[in-house]
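So the mapping is simple: the working numbering equals the position in the sequence shown, first residue as 1, plus 45. From the three backbone atoms N, C-alpha and C, an ideal C-beta is built for every residue, glycine too. Have a look at the structure below before the remarks.
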Amino acid sequence: MRKWVLGLLIFGLAAGLVAAQEAKVITIKAWTVGPDDPSITRKLNLEAAVERLNKYLEVVGADIRVEIEATFVTTSWSDYKRANLLALQSGDPAKIADIIITGHEDIGPYAEAGYIVPLDDFIAKYPEVYEDFFPALWESCKYKGKIWGIPQDTEARMFYYRKDLLKAAGYSEEFIESIPAKVTAGEFTLDDIIALGQKLLEAGVVDETMAIWHRPTPGTDWFQFIYAFGGELYDPATGKLVVDKSATLALFKFMKKLVDLKLTPGAMSQISWPEIHSNFSGGKVGINLTGGSWNFAEWQHDPYNKSFEYLWENIGFAPIPAAEKGGKPVSVSHPLVHV
Numbered sequence: 046m047r048k049w050v051l052g053l054l055i056f057g058l059a060a061g062l063v064a065a066q067e068a069k070v071i072t073i074k075a076w077t078v079g080p081d082d083p084s085i086t087r088k089l090n091l092e093a094a095v096e097r098l099n100k101y102l103e104v105v106g107a108d109i110r111v112e113i114e115a116t117f118v119t120t121s122w123s124d125y126k127r128a129n130l131l132a133l134q135s136g137d138p139a140k141i142a143d144i145i146i147t148g149h150e151d152i153g154p155y156a157e158a159g160y161i162v163p164l165d166d167f168i169a170k171y172p173e174v175y176e177d178f179f180p181a182l183w184e185s186c187k188y189k190g191k192i193w194g195i196p197q198d199t200e201a202r203m204f205y206y207r208k209d210l211l212k213a214a215g216y217s218e219e220f221i222e223s224i225p226a227k228v229t230a231g232e233f234t235l236d237d238i239i240a241l242g243q244k245l246l247e248a249g250v251v252d253e254t255m256a257i258w259h260r261p262t263p264g265t266d267w268f269q270f271i272y273a274f275g276g277e278l279y280d281p282a283t284g285k286l287v288v289d290k291s292a293t294l295a296l297f298k299f300m301k302k303l304v305d306l307k308l309t310p311g312a313m314s315q316i317s318w319p320e321i322h323s324n325f326s327g328g329k330v331g332i333n334l335t336g337g338s339w340n341f342a343e344w345q346h347d348p349y350n351k352s353f354e355y356l357w358e359n360i361g362f363a364p365i366p367a368a369e370k371g372g373k374p375v376s377v378s379h380p381l382v383h384v
């Protein structure tokens, strides 16, 4: 899929040529964000694409070359987006990047404000660059029938569980390995996650409040639990966001139950992300209720440094189960795009 990065830079090059006219070097500015450190590839892949593009320009005898000034920040999403918006609102080309990585949810507001341009014509011109994209990702880049961004990456959310700790608590290997299939079939529910946590605690495999941990901050992960309890987030008829009171209340009761049973700390919001990852990847916490697909790679690097083999042997994962038997498992995703 690296071809798309080359195509993206060609878009930037075309824009730069208009401004620079006969310039021998076209400079493209790009802003990228993690905010987690392993996501620095969002910057590195642009830099690698520039090298490939310059080799191509040399082969075809073009008298121009491309330079890229790419930044990668590990600040919070809110700080990153605020800085982007202030720059865009200034209207000063010197303050605005040519390429910005952001969440797909920004496409609508940015398009309405005139900050970004539709890319349909460019994409149609270079179809071979984009032929291997997941079709669903293009949907996340559309607004009012046009494509305004190029997909960068996306992810899946799930819950992780320590297979080694479940085995130590008395669960059979057959049962442990069957959890994902049971979740998919609607045979394993959110209450069954609670049951796993209780068994871990009762068996003395984990300490009190160390059975089930979750993210300490607000975030899209919580939406999947609204869905798990049969709720909705918006009204398709009006296009407006809604608060599903019954599903939200069910979620709050579920989270309170985790605390009341001493499976989860009452002050979970005071625990840092590094502490969460360290305790789970190190085998001190039994279940990570709000994990992401990227965590598996994250735990293989500093400061956790677990091998792939260790993680694969000791950690299992599955979608968020339904709240009731027979329901469908859920997950959410947050596509990032280049605009």
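May I ask you to report which of helix, strand or coil DSSP gives residue i?
i      : result
ASP124 : helix
ALA68  : Caution applies to ALA68, whose pLDDT of 43 falls short of 50 and renders its modelled position unreliable; the value that the coordinates give is listed next. Residue state, collapsed to three classes: coil.
LEU164 : coil
ARG87  : helix
VAL174 : helix
MET255 : coil
TYR388 : Summary: the structure shown does not reach residue 388, with the chain confined to residues 46 through 384, and so no result is reported for it.
GLY242 : helix
ALA214 : coil
ASN350 : coil
THR265 : coil
GLY61  : Caution applies to GLY61, whose pLDDT of 47 falls short of 50 and renders its modelled position unreliable; the value that the coordinates give is listed next. GLY61 falls in the helix class under three-state DSSP.
ARG97  : helix
ASP236 : helix
VAL228 : helix
LEU133 : helix
LYS370 : coil
VAL104 : helix
ASP280 : strand
ASP82  : helix
ILE271 : helix
ILE141 : coil
PHE220 : helix
GLY159 : coil
Which residues does DSSP pair with residue i in a beta bridge?
i      : result
LEU381 : GLY148, ASP198
TYR188 : LYS191
THR116 : TRP76
ARG207 : ILE360
VAL250 : Partner(s): none; VAL250 has no beta bridge.
VAL375 : ILE365
ARG110 : VAL70
Can you give the beta carbon distance from residue i to residue j, rounded, assuming they're within the 8 Å contact cut?
i      : j      : result
THR335 : ASP266 : 4 Å
PRO196 : PHE178 : 6 Å
LYS220 : ALA368 : Checking the displayed sequence, the identity of residue 220 turns out to be Phe instead of Lys. Rounded, the Cβ-Cβ distance is 21 Å, inconsistent with contact.
ILE71  : ILE109 : 6 Å
SER317 : TYR349 : Not a contact, Cβ separation roughly 14 Å.
VAL228 : PRO366 : 5 Å
GLY231 : GLY372 : 5 Å
SER376 : MET203 : 6 Å
ILE271 : ASP252 : Wrong, their Cβ atoms sit about 30 Å apart, outside the cutoff.
SER326 : GLU200 : At roughly 18 Å, the Cβ-Cβ gap does not stay under 8 Å, so SER326 and GLU200 are not in contact.
LEU130 : ILE141 : Contact doesn't hold; Cβ gap of about 11 Å is too wide.
LYS426 : LEU246 : Past the boundaries of the shown model lies residue 426; the chain is included only from 46 to 384, so the question cannot be answered.
TYR205 : PHE362 : 5 Å
ASN91  : ILE113 : Position check: residue 91 holds Leu in this sequence, whereas Asn was assumed. At roughly 6 Å, the Cβ-Cβ gap stays under 8 Å, so LEU91 and ILE113 are in contact.
For the 8 Å Cβ check, are there 3 or more pairs between the stretch 322-330 and the stretch 256-263? Yes, the stretch 322-330 touches the stretch 256-263.
Is there contact between the stretch 78-97 and the stretch 352-372, where contact requires at least three CB pairs shorter than 8 Å? no
Would you check if the stretch 105-124 and the stretch 74-85 touch, i.e. whether three or more CB-CB distances between them fall below 8 Å? yes
Does the pairing of the stretch 289-304 with the stretch 232-244 give three or more beta-carbon distances under 8 Å? Taking one beta carbon from each stretch, the stretch 289-304 and the stretch 232-244 have 3 or more pairs nearer than 8 Å; the two touch.
What beta strand (DSSP E) runs, 3 residues minimum, are completely inside the stretch 282-345? 332-337
Quick one: any contact between the stretch 132-149 and the stretch 336-347, if contact means 3 or more CB pairs under 8 Å? no
Count the CB pairs spanning the stretch 366-383 and the stretch 184-201 that are closer than 8 Å, and state whether there are at least three. yes
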